[in-house]
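Colleague: Residue numbers (my numbering), protein chains in the order written: chain U, 466 to 981; chain G, -4 to 481.
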Ligand code: SF4
Ligand code: SF4
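1. Got a sec: which bits of the stretch 109 to 134 of chain G sit with their beta carbon under 9 Å from any beta carbon on chain U, in order along the chain?
2. Any idea which residues DSSP pairs residue 117/G with across the strands?
3. For residue 599/U versus residue 630/U, is the C-beta distance shorter than 8 Å?
4. At which residues does the alpha helix (DSSP H) containing residue 845/U begin and terminate?
5. Give a yes or no on whether 8 Å exceeds the smallest Cβ distance from residue 451/G to chain U.
6. Let me know if residue 589/U comes out buried or exposed under the rule of 16 or more other beta-carbons within 10 Å of its beta-carbon.
7. Between residue 990/U and residue 638/U, how many whole angstroms is the CB-CB distance? I'm expecting something under 8 Å.
8. Between residue 40/G and ligand 1, is there a pair consisting of the residue's CB and a ligand heavy atom that are separated by less than 7 Å?
9. Which stretch, first to last residue, makes up the beta strand (DSSP E) that contains residue 340/G?
10. Would you mind reading off the limits of the beta strand (DSSP E) that contains residue 570/U?
11. My parser needs the alpha helix (DSSP H) runs of 4 or more residues fully inside the stretch 575 to 621 of chain U; what are they?
12. In its own chain, which residues sit with a C-beta less than 8 Å from the C-beta of residue 186/G, not counting the 5 before and 5 after it?
13. May I ask whether a heavy atom of ligand 2 can be found less than 7 Å away from the beta carbon of residue 128/G?
14. Residue 540/U versus chain G: which residues are under 7 Å apart at the beta carbon?
15. In chain order, what residues of the same chain lie with their CB nearer than 8 Å to the CB of residue 596/U, ignoring the 5 residues before and after it?
16. Span of the beta strand (DSSP E) holding residue 706/U?
17. Return helix, strand or coil for residue 13/G, following the three-state DSSP convention.
18. May I ask you to verify whether the stretch 110 to 120 of chain G touches the stretch 142 to 158 of chain G, counting CB pairs closer than 8 Å and requiring at least 3?
19. Are there three or more Cβ pairs, one per stretch, closer than 8 Å when the stretch 194 to 204 of chain G is compared with the stretch 399 to 418 of chain G?
20. Check whether chain G comes within 8 Å of residue 856/U, counting only Cβ atoms and requiring the distance to be less than that.
21. Could you give the distance in angstroms between the alpha-carbon of residue 254/G and the alpha-carbon of residue 263/G?
22. Under 8 Å, Cβ to Cβ, is there at least one residue of chain G near residue 588/U?
23. Taking the alpha-carbon of residue 541/U as reference, which of 584/U, 576/U, 510/U has the nearest alpha-carbon?
24. Out of 0/G, 28/G, 16/G, 17/G, point me to the one whose CA is closest to residue 9/G's CA.
25. At the level of alpha carbons, what is the spacing between residue 919/U and residue 881/U?
26. Give the DSSP-derived three-state secondary structure of residue 880/U in the structure shown.
27. Hey, is residue 606/U's beta-carbon within less than 8 Å of any beta-carbon in chain A?
28. Determine, using beta carbons only, whether residue 188/G and residue 231/G come nearer to each other than 8 Å.
29. Pairing CB atoms from the stretch 153 to 168 of chain G with CB atoms from the stretch 117 to 130 of chain G, are three or more of them under 8 Å?
30. May I ask you to report which of helix, strand or coil DSSP gives residue 775/U?
31. Which residues of chain G have a Cβ atom closer than 7 Å to the Cβ of residue 570/U, listed in chain order?
32. Leaving aside the five residues before and after residue 311/G along the sequence, list all residues of the same chain whose C-beta is less than 7 Å from its C-beta, in chain order.
33. Decide if residue 299/G is buried, meaning its Cβ has at least 16 other Cβ atoms within 10 Å, or exposed.
34. Across the stretch 558 to 569 of chain U and the stretch 30 to 42 of chain G, are there enough close Cβ pairs to call them in contact, namely three or more that are closer than 8 Å?
35. Against residue 687/U, what residues of chain G qualify as contacts under a CB-to-CB distance less than 8 Å, listed in chain order?
36. Assign residue 82/G to one of two classes, buried (16 or more other C-beta atoms within 10 Å of its C-beta) or exposed (fewer than that).
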């Protein structure tokens, strides 16, 4: 929570404080600029702005995480718009109804605090949805007016009216980070809440004796989650996915629609996470203080593995090896076969994939994973870009690039205006990322594979599989086919135009004399 | 928690109505959304953005944290015949320290940067929620920037919490008036008009421009579809304004009447009948006999070409029932009529921001028993779609998946669509879209779905209630007699 000078505070003090702070602020921006100039290249063309944003805000990530919790409802504490926009974005991507409440702060709530609104909101949504879990996320507005949601939620619980319902406050100020931090923070908050619930300390039940592992997976489609789940099950072990969006956000059609999803990880399961053999966190780029796996390790001694997203053979190997190590088991035959098939596919593709000059953008963990697949298949990585801020992103990518003796532009905290320029400069022939890149596709006609979130101008984003050996191969095939199509499309015409001797060149060379 | 879940939440009872023509009914509308019920509404900023963003050669800066800009970047289908600058999303991307120390410095620098790099004709600055709280003096910054750069820099007061989408429309109208300036143009261009409340989604404004120019009338400015800063300034010399999207533009039309002596008329180019009526209205108000002649030729040609095709679809659609949930009242009214033209009856109608007068129109235009909802939510929609047995839902992106989960067909009537729905061409597109969705073979497959574990008794009671619902009477009224604003 940050302290804010409210508009009604004494003007003179406000001014004084502001003057003081701008001094500090100015200094620090100078420093940042110095830093930027040191760099080989700057992350953004515009200094004071994001032009065509390449990131979203924290409550988006929070809302997504809560969608993977069974019988959970979300209320976003703030003004109506934030919640509606987030719902719209998710609905367009997943093609599923996305019900998220808002505390609908008005002018009055903004001036006098939004506690009353939030309390009414929680009551209404409980009456309408009958959830077991209620996640209370915040917005920029709620944080700026200084609402203490911990206290408000405590007061709501103390009324005794919501017996049996877990109401969990999760601070996600939109400006505090991107959707990625919001996602991980929310997972962490859910774990922290449920493992402390007193009734859950029944350590030695039959359930907890059968070994299981926790998996925290970011940027995965519903199909990716199902695929990783299948891979873990091949080891003969159960995995708890925190969260588990696989069925909640890709629900089959039935003739009885249930607006509150019964899919996802249950609260009983959430309370069990401390008894897991280990936590495997896939997507390792958020700062350690946002990491749920590290939280469980530090507080409860559950061993943490932080690994890249299992995209491509090397990254997937990391996961499989970690699983074998944690469970002390051999790698299942089926996975060996799948790995072999992937290698076979990589060989089939390698001469074609080598023609790829690739740009990848979007969420940092996803960009990193895809970059791995791009590099190991002999494509040229020209640009890797993310809107989030992460030192690790740059460091990890640079060492990867060194390994393949490649040089690529790496941008963090960037925007699409800059991404577009770099793509033009570097002669990229295939880009991969969320639908926001369609602007570049439309204007500059760069071939484009939509992957990540949000994909709102194609269908099926929730069913796309790019993770695991199987998914990596499907994805590699898709990439290769794009490159092949580029080669085949207009092939005859292009060859004719480039190589067929043109009439003029048949003319005898004119000497100066003849010309006269 | 085994009690039955609520369908209509506390404090929402007055926003739900079942049309009973014998009674003197009035729905509660124009209220603030009830917290926690999952309203489908957006915010003030969204409203302002809808109206102003199509202005093509202006730079649109969203002053606030990143999300507000990120979620609204280039999501609408407005087209430009000129600059594409409006499609670029500029955000000051306020972060934690800006929230604490104020965003003014950043905003000033942002304007400087944009002006140097993009040379926009004007700059609009949208304030979002936090800006309204941290107290940045956007007005003063805009003033100073105008002097510095010699272009108009116009603040839009659109903090999300300060009302509803409607207030955003109003804020946008203020910005447009600010741009037009106080002076009046004494001599108006004869036979000229402005078209208010069309945003040139999928070329809709161009279609209407083509009609008007064929007739020989001068369409000065569309507000704001494909508008430029100069064209907005030139709007003051038009003889009349015609208003389509009443919810967003009536305020501007009234102000323009007061300030510049330009009278206005309501028109509507959705559906063949309405298109003809609207064109006639315009021609008779500002045209000569020659114009009338040309109008008649145009209409005769178009009607002869399009009407039979629409009729062919009508035969496949007659008797279906539709539920409408859209943003404003104008849209709902024109949809009720368009569906009636296709022989489809409206059994549920609701809006996010409709006015009292518009709801009164709904009651007149729809039959007995039609459900009328203001600022509704998924819970109520689900309940009433099932209860009314609607075959089609009309709505936006958020409503679409709900329709599909319920096995109901769907019409996208939002700002993202990529096919025109206005004029003669649009009427045909509309009929085709309705047919494509409601008569899709997909629904036949879906209908045969039987979950393996459904017990016999359950399915029996279910089919019984279905039977009962089928018998529920709905009046069919002839809209051509009762309805119409024209
Ligand atoms: S912060 Fe305010 S202006 Fe921005 S999306 Fe949310 S409600 Fe709208
Ligand atoms: S950035 Fe902040 S204000 Fe904007 S949508 Fe996200 S939470 Fe809302």
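Glycine included, every Cβ here is placed at the ideal spot set by N, Cα and C.
Keep in mind the model is a prediction, meaning the values are calculated, not measured.
Modeller: Judging by the given coordinates:
1. Residues passing the 9 Å Cβ filter: 109, 112, 123, 124, 125, 127, 128, 129, 130.
2. Locating residue 117/G in the second chain gives position 122, counting from the first residue. Residue 117/G is bridged by DSSP to 53/G, 147/G.
3. The sequence position of residue 599/U within the first chain is 134, counting from 1. The sequence position of residue 630/U within the first chain is 165, counting from 1. Yes. Within cutoff.
4. The residue labelled residue 845/U in the question sits at position 380 within the first chain. Counting along the chain, residue 845/U falls outside any alpha helix (DSSP H), though it belongs to the beta strand (DSSP E) covering 845 to 850.
5. Start at 1 with the first residue of the second chain, and residue 451/G comes out as number 456. Note that residue 451/G has pLDDT 45, beneath the 50 cutoff, so the model's placement of it is unreliable and no number is given.
6. Against the first chain, residue 589/U aligns to sequence position 124. The residue is buried, with at least 16 neighbouring Cβ atoms inside 10 Å.
7. Because chain U here runs from 466 to 981, residue 990/U falls outside it and cannot be looked at.
8. Looking up residue 40/G in the second chain gives position 45. Yes, Cβ of residue 40/G sits closer than 7 Å to a heavy atom of ligand 1.
9. For this step, residue 340/G is matched to residue 345 along the second chain. DSSP places residue 340/G in the uninterrupted beta strand (DSSP E) bounded by 340 to 346.
10. Start at 1 with the first residue of the first chain, and residue 570/U comes out as number 105. In the DSSP assignment, residue 570/U falls outside any beta strand (DSSP E) and carries neither an H nor an E.
11. DSSP runs (the alpha helix (DSSP H)) wholly in the stretch 575 to 621 of chain U: 580 to 594, 605 to 609.
12. Against the second chain, residue 186/G aligns to sequence position 191. The residues are 211, 212, 213, 234, 281, 282, 283, 286.
13. Within the second chain, numbered from 1, the residue matching residue 128/G stands at position 133. Incorrect: residue 128/G has no Cβ contact closer than 7 Å to ligand 2.
14. Counting from 1 along the first chain, the entry for residue 540/U is found at position 75. In chain order: 31.
15. The residue labelled residue 596/U in the question sits at position 131 within the first chain. Counting only Cβ-Cβ distances below 8 Å, and skipping sequence neighbours, we find 536, 537, 538, 590, 630, 725.
16. Working through the first chain from its first residue, we reach residue 706/U at position 241. Here the beta strand (DSSP E) through residue 706/U covers 703 to 706.
17. The residue labelled residue 13/G in the question sits at position 18 within the second chain. Of the three classes helix, strand and coil, the one that applies to residue 13/G here is strand, per DSSP.
18. Contact between the stretch 110 to 120 of chain G and the stretch 142 to 158 of chain G is present, because at least three Cβ pairs lie under 8 Å.
19. The stretch 194 to 204 of chain G makes contact with the stretch 399 to 418 of chain G: 3 or more CB pairs, one atom from each, lie closer than 8 Å.
20. By 1-based counting over the first chain, the position of residue 856/U is 391. Contacts with chain G at 8 Å (Cβ-Cβ) do not include residue 856/U.
21. What you label residue 254/G is simply residue 259 of the second chain in a count that begins at 1. What you label residue 263/G is simply residue 268 of the second chain in a count that begins at 1. If I take the Cα positions, the gap works out to 24 Å.
22. On the first chain, position 123 is the one that residue 588/U refers to. Residue 588/U counts as touching chain G.
23. The residue you call residue 541/U lines up with position 76 of the first chain. Closest by alpha carbon: 584/U.
24. In the second chain, counting from the first residue as 1, residue 9/G sits at position 14. Here the closest residue by C-alpha is 28/G.
25. Working through the first chain from its first residue, we reach residue 919/U at position 454. Working through the first chain from its first residue, we reach residue 881/U at position 416. CA-to-CA, the gap between residue 919/U and residue 881/U works out to about 14 Å.
26. Here residue 880/U refers to the residue found at position 415 when the first chain is read from its first residue. Annotated three-state conformation of residue 880/U is strand, per DSSP.
27. Of the chains in the structure shown, none is chain A; the protein chains are U and G.
28. Translated into positions along the second chain, residue 188/G becomes position 193. Translated into positions along the second chain, residue 231/G becomes position 236. No, Cβ-Cβ distance for residue 188/G and residue 231/G is not below 8 Å.
29. Touching, yes, given that three or more Cβ pairs across the two stretches are closer than 8 Å.
30. As a working mapping, residue 775/U is identified with position 310 in the first chain. Residue 775/U: coil per DSSP, three-state reduction.
31. Reading the first chain from its first residue, position 105 is the one you call residue 570/U. Neighbours of residue 570/U on chain G, chain order: 156.
32. Your numbering for residue 311/G matches position 316 in the second chain. Around residue 311/G, the same chain offers 430, 434 as residues with beta carbons nearer than 7 Å, after the five sequence neighbours per side are excluded.
33. On the second chain, residue 299/G is found 304 positions in, with the first residue counted as 1. Classification of residue 299/G: exposed, given that the 10 Å Cβ count is below 16.
34. Result yes; three or more Cβ-Cβ pairs closer than 8 Å.
35. Working through the first chain from its first residue, we reach residue 687/U at position 222. Those do not exist, as residue 687/U stays about 14 Å from chain G at its closest Cβ, beyond 8 Å.
36. Here residue 82/G is taken as the residue at index 87 of the second chain, counted from 1. In this structure residue 82/G is buried. Its beta-carbon is surrounded by 16 or more other beta-carbon atoms within 10 angstroms.
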